[in-house]
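Asks: As given, the protein sequences belong to chains A and B, one line each in that order.
Note that numbering that gives the first Met the number 0 has the first sequence beginning at 0, numbered continuously upward.
Note that numbering that gives the first Met the number 0 has the second sequence beginning at 0, numbered continuously upward.
Just dropping this structure here.
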Amino acid sequence: MWLEQVLFFLAGVGALAGALGVVMLRNPFYSVLALVAHLIALAVLFLLLRAEFLAAAQVVVYAGAVMVLYVFVVAYIGGTDEPLRPEGGAIGALGPLIAGALGVELVIAVVGSSLSLLDTPGRGGAGFGSPASIGQLLLTKFLVAFEAASFLLLVAAVGAVVLARRRRGLEDPGAMPSGAPEGAHS
Amino acid sequence: MDASWFVVLSAFIFCVGIAGVLTRRNPLVVLLCLELMLNAGNLALVAFARAHGNHDGQVFALIVMVIAACEVVIGLGIIVAMYRRRLPIDVDEMSELRG
């Protein structure tokens, strides 16, 4: 089973490096690319955990669709280099300290836990994590959550159109072409 | 592999996300770091689903992905609205909740 461990460490280092890249790169465009690498490494970890459907959804929906949305907005706004930690400030200095303290605390909590479940390699036979079993659960046990999620997506789509449309009277009239249909740009 | 390896890795990723949210000032990067934190939660959910041997955690992770997509769409909409009004793209400057 050493292959599984090698794969875990490769994907784990990739995921951590991607996460650090998101935080530490100056240009937002490179941050988005680092997040794509992080998501793909995470999909490998999901495959190791026998979550095949989830890994596929992660690559297609997350690393594909959502990241394309990010790239569009970064290109629209114009990704400019910016200083990582401008002019100090209490939060800027305390933030990494707080995060490091929380990390140490979480690791102590996990490693020192007497939860016997944490030391099991996992159960589940053939077909674990297949799309059929996930779909069956979504349409029986978690039907309400499934419908609520679809309604939430609809509300989010309408909200994005309302938020990002052109408003009259808020920006200077010279910048807006007259007679542009409202809501045409979303 | 024990489940604790995956949970410790997810704790590390979560902390990197928290550090990013606390220190970065560009709202785009803050949204990316929120994604990191949600993904760390997803990894822990899937690890526990594997340890338990049932699929409930994986369905939870799927719902979390839907919620992350909604959050991204609304956040990017707000950023585009800020850009249209020529406001500074900086979370420290945007300190008033006034429309």
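We put the beta carbon where it would ideally sit given N, CA and C, even for glycine.
1. Counting pairs of beta carbons, one from the region 40 to 50 of chain B and one from the region 131 to 138 of chain A, are three or more of them closer than 8 Å?
2. Determine, for residue 111 of chain A, whether the minimum Cβ-Cβ distance to residues of chain B falls below 7 Å.
3. Beta-carbon of residue 58 of chain B versus every beta-carbon of chain A: anything under 7 Å?
4. Quick check: the Cα distance between residue 6 of chain A and residue 49 of chain A, rounded to an integer number of angstroms?
5. Going by the beta-carbon positions, is the gap between residue 19 of chain B and residue 59 of chain A smaller than 7 Å?
6. Check whether the Cβ atoms of residue 30 of chain A and residue 79 of chain B sit closer than 7 Å, and answer yes or no.
7. Tell me the rounded alpha-carbon separation between residue 83 of chain B and residue 165 of chain A.
8. Could you tell me the alpha carbon to alpha carbon distance between residue 90 of chain B and residue 147 of chain A, rounded to whole angstroms?
9. Any heavy atom of the ligand NAD within a distance shorter than 6 Å of the CB on residue 103 of chain A?
10. Which class does residue 22 of chain B belong to by DSSP, given the choice of helix, strand or coil?
11. For a contact meaning CB atoms closer than 9 Å, what does residue 152 of chain A contact in chain B?
12. From the beta carbon of residue 139 of chain A, is the nearest beta carbon of chain B less than 7 Å away?
13. Would you list, in sequence order, the uninterrupted alpha helix (DSSP H) runs of no fewer than 4 residues that lie entirely inside the region 13 to 68 of chain B?
14. To which residues of the same chain is residue 17 of chain A closer than 7 Å at the C-beta, ignoring the five residues directly before and after it?
15. On the CB-based measure, 16 or more other CB atoms within 10 Å of its CB, does residue 107 of chain A come out buried or exposed?
16. If the cut is a Cβ gap below 9 Å, which residues of chain A does residue 15 of chain B touch?
17. Buried or exposed for residue 16 of chain B, please, with buried defined as at least 16 other CB atoms from any protein chain shown within 10 angstroms of its CB.
18. Within 10 Å of its beta-carbon, does residue 64 of chain B have 16 or more other beta-carbons around it, so buried, or fewer, so exposed?
19. Between residue 50 of chain B and residue 116 of chain A, how many whole angstroms is the CB-CB distance? I'm expecting something under 8 Å.
Replies: Short version:
1. no
2. The residue you call residue 111 of chain A lines up with position 112 of the first sequence. No, no contact with chain B.
3. What you label residue 58 of chain B is simply residue 59 of the second sequence in a count that begins at 1. Yes, residue 58 of chain B lies at the interface with chain A (some Cβ there is under 7 Å from its Cβ).
4. If you number the first sequence from 1, residue 6 of chain A lands on position 7. If you number the first sequence from 1, residue 49 of chain A lands on position 50. If I take the Cα positions, the gap works out to 13 Å.
5. Numbered from its first residue, the second sequence carries residue 19 of chain B at position 20. Numbered from its first residue, the first sequence carries residue 59 of chain A at position 60. Their beta carbons are not under 7 Å apart, which means residue 19 of chain B does not touch residue 59 of chain A by this criterion.
6. Reading the first sequence from its first residue, position 31 is the one you call residue 30 of chain A. Reading the second sequence from its first residue, position 80 is the one you call residue 79 of chain B. No, the pair does not count as a contact, with Cβ atoms beyond the cut-off.
7. If you number the second sequence from 1, residue 83 of chain B lands on position 84. If you number the first sequence from 1, residue 165 of chain A lands on position 166. Their Cα atoms are separated by approximately 8 Å.
8. Position 91 of the second sequence holds residue 90 of chain B. Position 148 of the first sequence holds residue 147 of chain A. Going by the C-alpha atoms only, they are around 31 Å apart.
9. Among the ligands in the structure shown, none appear at all, so the ligand NAD cannot be discussed.
10. Your numbering for residue 22 of chain B matches position 23 in the second sequence. Residue 22 of chain B: helix per DSSP, three-state reduction.
11. On the first sequence, position 153 is the one that residue 152 of chain A refers to. Result: 65, 68, 69, 72.
12. Locating residue 139 of chain A in the first sequence gives position 140, where the first residue counts as 1. Not closer than 7 Å to any Cβ of chain B, the Cβ of residue 139 of chain A fails to qualify, so no.
13. 26 to 51
14. Locating residue 17 of chain A in the first sequence gives position 18, where the first residue counts as 1. Correct list, in chain order: 33, 34, 36, 37, 40.
15. Position 108 of the first sequence, counted from the first residue, corresponds to residue 107 of chain A. The residue is exposed, with fewer than 16 neighbouring Cβ atoms inside 10 Å.
16. Position 16 of the second sequence, counting from 1, holds the residue named residue 15 of chain B. The answer, in chain order, is 15, 18, 19, 21, 22, 98, 102.
17. Residue numbering aside, residue 16 of chain B sits at position 17 when the second sequence is read from its first letter. Result: buried.
18. Residue mapping note: residue 64 of chain B aligns to position 65 of the second sequence, counting from 1. Buried: at least 16 other Cβ atoms inside 10 Å.
19. What you label residue 50 of chain B is simply residue 51 of the second sequence in a count that begins at 1. What you label residue 116 of chain A is simply residue 117 of the first sequence in a count that begins at 1. Indeed they touch by this definition, with Cβ atoms about 5 Å apart.
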